[in-house]
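Note that our numbering has the sequence shown beginning at 209, numbered continuously upward. Reading through the structure tokens given below for one structure.
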Amino acid sequence: MIHFLVLSSGSCGNSYAFYDGRDTIVIDQGLTYTGFSKRLDSHDIPIQSVRALFLTHLHPDHSKGVGATQRKLAIPVYLSDVSLSMSESIIRKEKIDIQSIRTFHHGESIEVNDFKISAFRSYHDCPGSSFYVIENHGRKIFLMTDTGQIPYDAHQGAEDADVLFVESNYDREMLKNGPYPRKLQARISGGYGHLSNDEAAFFLKQHAKLRSQVYLIHLSDNNNTPECARRVSSASLRSGIFLTVCERGESYEGFIDE
209 MIHFLVLSSG
219 SCGNSYAFYD
229 GRDTIVIDQG
239 LTYTGFSKRL
249 DSHDIPIQSV
259 RALFLTHLHP
269 DHSKGVGATQ
279 RKLAIPVYLS
289 DVSLSMSESI
299 IRKEKIDIQS
309 IRTFHHGESI
319 EVNDFKISAF
329 RSYHDCPGSS
339 FYVIENHGRK
349 IFLMTDTGQI
359 PYDAHQGAED
369 ADVLFVESNY
379 DREMLKNGPY
389 PRKLQARISG
399 GYGHLSNDEA
409 AFFLKQHAKL
419 RSQVYLIHLS
429 DNNNTPECAR
439 RVSSASLRSG
449 IFLTVCERGE
459 SYEGFIDE
């Protein structure tokens with residue numbers, strides 16, 4: 209069985225944990241260490257089981273807790289070789305120990321005991337950003353956030369996934385008619401920004417299988433609502449697919465049985 213947590217999602221901080229009863233891997237850590245450890249503990253995932261931390265990218269809402277977590281737990285941090293080579297100043301600013309960083313090429317897979325984590329390129333305005341496919345004893349998890357377009361590799365990565373975490377960041381009309389200046393609107397909706405509700409729903413319609421669990425993540429606090437994101441994806445998904453919309457800063461728990 210895999211026990212997974214959305215520890216938090218949104219601009220206030222992003223973090224996801226996957227526990228197989230022995231080991232835990234974490235994707236992103238944008239929380240304080242105290243908040244991170246308390247949320248794991250409240251869902252009966254031992255902090256001592258955390259073996260590795262993988263980063264999608266180095267924006268603070270995904271990485272600001274990495275340095276403290278790394279120091280407390282003495283675990284490796286994985287990110288793409290492009291991220292390390294082009295963002296060393298950010299890494300130092302976030303107080304992440306460069307000596308403990310392990311890099312990968314996009315398309316490469318890393319094994320952490322029974323976990324196999326495959327990393328692929330995403331499209332965001334942070335160099336070397338990544339999305340992940342996680343496998344453990346025949347179970348498959350797909351996690352993609354902060355990308356302005358659907359990567360080619362995402363279609364194969366999402367195929368037959370038991371759980372899909374997909375960004376559904378903004379509603380097009382809310383963004384267009386909202387308070388953001390045009391330049392920021394263009395950044396969000398551009399090819400290196402974020403996925404809209406419509407884009408997420410279309411992708412999920414193609415790939416969510418019967419009885420799969422779908423989590424909509426990284427909703428904008430200003431340009432989206434949980435109700436809007438749910439309505440758009442629900443209209444595209446067939447029955448028998450379990451949809452959860454992750455509200456800003458809240459935690460969500462799930463399981464995949466063997």
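Note that CB positions come from ideal geometry on N, CA and C, so glycine has one too.
Proximity to Phe262 across Ser245, Gln256, Gly218 and Phe328 peaks at Phe328, based on C-alpha coordinates. By the Cβ neighbour-count rule, Ile325 is buried, with 16 or more other Cβ atoms within 10 Å of its own. Beta-bridge partners assigned by DSSP to Val285: Leu261 and Ile309. Rounded to whole angstroms, the separation of the alpha carbons of Phe373 and Gly315 is 19 Å. Taking a 10 Å sphere around the C-beta of Ser420, we find 16 or more other C-beta atoms and assign the residue as buried. Inter-residue distance for Ser338 and Met294 is about 14 Å (C-alpha atoms, whole angstroms). Counting of Cβ neighbours within 10 angstroms places Ile233 among the buried residues, the total reaching 16 or more. One Cα belongs to Ala276, the other to Arg380, and the distance between them is close to 37 Å. Judged by their CB atoms, Gly229 and Asp333 are not nearer to each other than the 8 Å cut-off. With a threshold of 16 other beta carbon atoms within 10 Å, Ala282 falls short and is exposed.
For the set Lys246, His211, Gly365 and Gln256, the Cα lying nearest the Cα of Phe411 is the one of Gly365.
Along the length of the region 361-429, whole alpha helix (DSSP H) runs at least 4 residues long occupy 380-385, 390-397 and 405-415, reported in chain order. Gln357 is bridged by DSSP to nothing; it lacks a bridge partner.
With a 10 Å radius around the Cβ and a threshold of 16 neighbouring Cβ atoms, Gly218 comes out buried.
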